[in-house]
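See below for the structure under consideration.
Residue numbers (my numbering), protein chains in the order written: chain A, 1 to 204; chain B, 205 to 672.
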């Protein structure tokens, strides 16, 4: 993950795991100063283990709107629990080419009873592999908040997916966060106690 | 001329009573206005010394963006060349590097947002010198239990409870608070032993920190305990560290006392990942009154992207507090001047009406009106001269005594002062322009007050005044 700011650029490396119950775990592997910090998402809670101070911290609501590890992806984004399928109405709005891929442009408006953050989402889905090539997120006043741009389709295991995602906040176009997936495996077997607070401290 | 003087002098002492009253009003006017000015100037000066000279510095070298966005990212590299170039200026007394940031301090379930100030422990002795703020005595529950048997009077024992958990940086203030300042030495020694508190200062390579008194009480930590500091480091890194507490400091400003942590530069550099950058260089001056000039001279030396900020930009609230103090002084002086002015006019008018017959007689036997007016004016001038001289001397005495013997406050008055951000001591300012301003203003006032009586004399109606 590379975080770009007008005055500097910073790159972090991390590994992450997700299971079927939507539990997930991430551990920072570089740079050395931040190595070993891990995050556990479990239901509605986000836990952070910091090896320098030997403390396990549950991120408070006040920190939810802050960027994860200083990036443009907020802790809230990581925690989001909504379904693009169940919480939105969908409306096809033409075809466009993104990164050389012919895409369906789909407007998504949230359902009245849906518990979601966005006022509107526009998705560009490739017609060939059904990959999400671009997404625009709008707030309740329909102002653009951020854009996700995917590129570099690559084969991981048995499937082809975009390997790079760039997040650009609409308010500061000079800032961006670029996530590059180096390696991804599917159906990776994990032990029963893998997604636990105890395991967070052991991860490498 | 001599004749004029002789007449005036004799006239003055013909009615001693009246002369003394007029003299006294001028004398006290001068003494009060000088004393009052010296006092308020002293208190404001002390406020500036406490907060500026021994904390932020008169000037600070910063990244030019730091003032609008005080983030660690707006830092700079402090080189030896820059240090040399800046300290060449004759007005620079001290220049110390610092990193300032905010973090969360936590101990167990207690946490507090704090102001982390990274200092070089040895260089900082020339500036804030946190060592002198180390808490040496504290009236803990146990200490009070030990102290109680030392007092015979029931009332004094009860009074002790008022000072529970108070911390002191010196023995004198503590002894004064608990009422043992004039007690026998043996008793004082016992009291000091009972309340002794162990705080240490930092060393250059220390990994420990100094915590301000109120903050330490809130977090329930003592020297020897550890504290977690968490925050954002340089360029958005996660910064977290566990550091031992070396000492507790009692800072005069109550606001700072609730949130200040001193940490050695090297440790902070590692904790925040600063890669050798600092956020500010604090500068103290030999002549604070030449601050503007020095600021301009230094600004000329700076590389692109750097700026020199003065304390008025850095702490606008303090600048306002100082202005407010000065404003108060003017209001009080103004009231004093009005009272004095009308007092003088009153005595002069009375003098004229009392002496109407005398003036009429003088005119009748051949003295010209102008001459009478001249004699009168000379009388007033003599009075003013004597009054001002005596007042100036007495005022100077007040300044000298007040300057060399500041009055320390203790107990609840001291607390009230501290809460306002002033240090609990009444100080007087040394001689300065304000001293001459008072003398000049009062002299001018007397001159203005003399105009009307002199005009009266010049328009003297001989017959009417003889019959009055």
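Note that beta-carbon positions come from the ideal geometry of N, C-alpha and C, so glycine has one too.
Here the structure is a predicted model, which is why all the values come from computation and not from measurement.
Between the segment 652-668 of chain B and the segment 410-424 of chain B, the count of C-beta pairs closer than 8 Å stays below three; the two stretches do not touch.
Excluding residues up to 5 positions away in sequence, 119 lie with their Cβ nearer than 8 Å to the Cβ of residue 141 of chain A in the same chain. Interface annotation, residue 45 of chain A: not in contact with chain B, CB-CB separation never under 7 Å.
Annotated as distal: residue 278 of chain B and residue 295 of chain B, with beta-carbon spacing of 7 Å or more. Using beta-carbon distances, residue 52 of chain A counts as an interface residue toward chain B, with a partner under 7 Å. Against chain A, the CB of residue 449 of chain B has no partner CB under 7 Å away; the residue lies outside that interface.
Boundaries of the alpha helix (DSSP H) harbouring residue 515 of chain B: 515-518, taken from the DSSP string. Excluding its 5 nearest sequence neighbours in each direction, residue 301 of chain B has C-beta neighbours in its own chain below 7 Å: 282, 324, 469, 482 and 485, listed in chain order.
Spatial neighbours of residue 321 of chain B in its own chain (CB-CB distance under 8 Å, excluding positions within 5 residues in sequence) are listed in chain order as 302, 303, 304, 464, 465, 466 and 467.
Boundaries of the beta strand (DSSP E) harbouring residue 47 of chain A: 45-50, taken from the DSSP string.
Rounded to the nearest whole angstrom, the C-alpha separation of residue 256 of chain B and residue 36 of chain A is 42 Å. Using beta-carbon distances, residue 303 of chain B does not count as an interface residue toward chain A, since no partner is under 7 Å. With contacts defined by Cβ atoms closer than 7 Å, residue 298 of chain B and residue 614 of chain B do not form a contacting pair. The C-beta distance from residue 343 of chain B to residue 363 of chain B rounds to 12 Å, too long to fall under 8 Å, and the pair is not in contact. A check of alpha carbon separations from residue 110 of chain A across A:30, A:88, A:102 and A:123 identifies A:88 as the nearest.
Residue environment for residue 434 of chain B: buried (at least 16 other C-beta atoms within 10 angstroms of its C-beta). Not a single CB atom of chain A sits nearer than 7 Å to the CB of residue 313 of chain B.
Residue-level contact check: residue 613 of chain B does not touch chain A, since none of the beta carbons of chain A fall below 7 Å from its beta carbon. Restricted to the segment 539-622 of chain B, the alpha helix (DSSP H) segments that are unbroken, complete and at least 4 residues in length are 560-568 and 573-608, listed in chain order. Under the criterion of beta carbons closer than 8 Å, residue 579 of chain B and residue 208 of chain B qualify as touching, at roughly 6 Å.
Residue 148 of chain A is bridged by DSSP to A:135 and A:167. Counted as a single uninterrupted DSSP element, the beta strand (DSSP E) harbouring residue 322 of chain B occupies residues 314-323.
Rounded to whole angstroms, residue 500 of chain B and residue 618 of chain B show a C-alpha spacing of 39 Å. Apart from the 5 residues on each side of it in sequence, residue 66 of chain A sits with its Cβ closer than 8 Å to the Cβ of 74 and 75 in its chain, given in chain order. About 5 Å separates the beta carbons of residue 72 of chain A and residue 167 of chain A, which is inside the 8 Å limit, making them a contact pair. In the structure shown, residue 90 of chain A adopts extended strand secondary structure according to DSSP, grouped into three states.
Residue burial annotation: residue 624 of chain B is exposed, with fewer than 16 other C-beta atoms found within 10 angstroms of its C-beta. Residue 559 of chain B and residue 214 of chain B have their alpha carbons spaced roughly 14 Å apart. Comparing alpha-carbon positions, the option among B:330, B:555 and B:390 lying closest to residue 657 of chain B turns out to be B:555. CA-CA distance, residue 474 of chain B to residue 357 of chain B, rounds to 55 Å. Counting only the Cα atoms, residue 428 of chain B lies some 15 Å from residue 407 of chain B. Here DSSP, grouped into helix, strand and coil, assigns residue 224 of chain B to helix. Apart from sequence neighbours up to five positions away, the residues of its chain that approach residue 245 of chain B with a beta-carbon distance below 7 Å are 633 and 638, ordered along the chain. When only Cα atoms are considered, residue 43 of chain A and residue 13 of chain A end up about 25 Å apart. Close to residue 8 of chain A, with beta-carbon spacing below 9 Å, are these residues of chain B in chain order: 277, 438, 439 and 440. Excluding the 5 residues flanking it on each side, residue 354 of chain B has same chain C-beta neighbours closer than 7 Å at 391, 394 and 395, in chain order.
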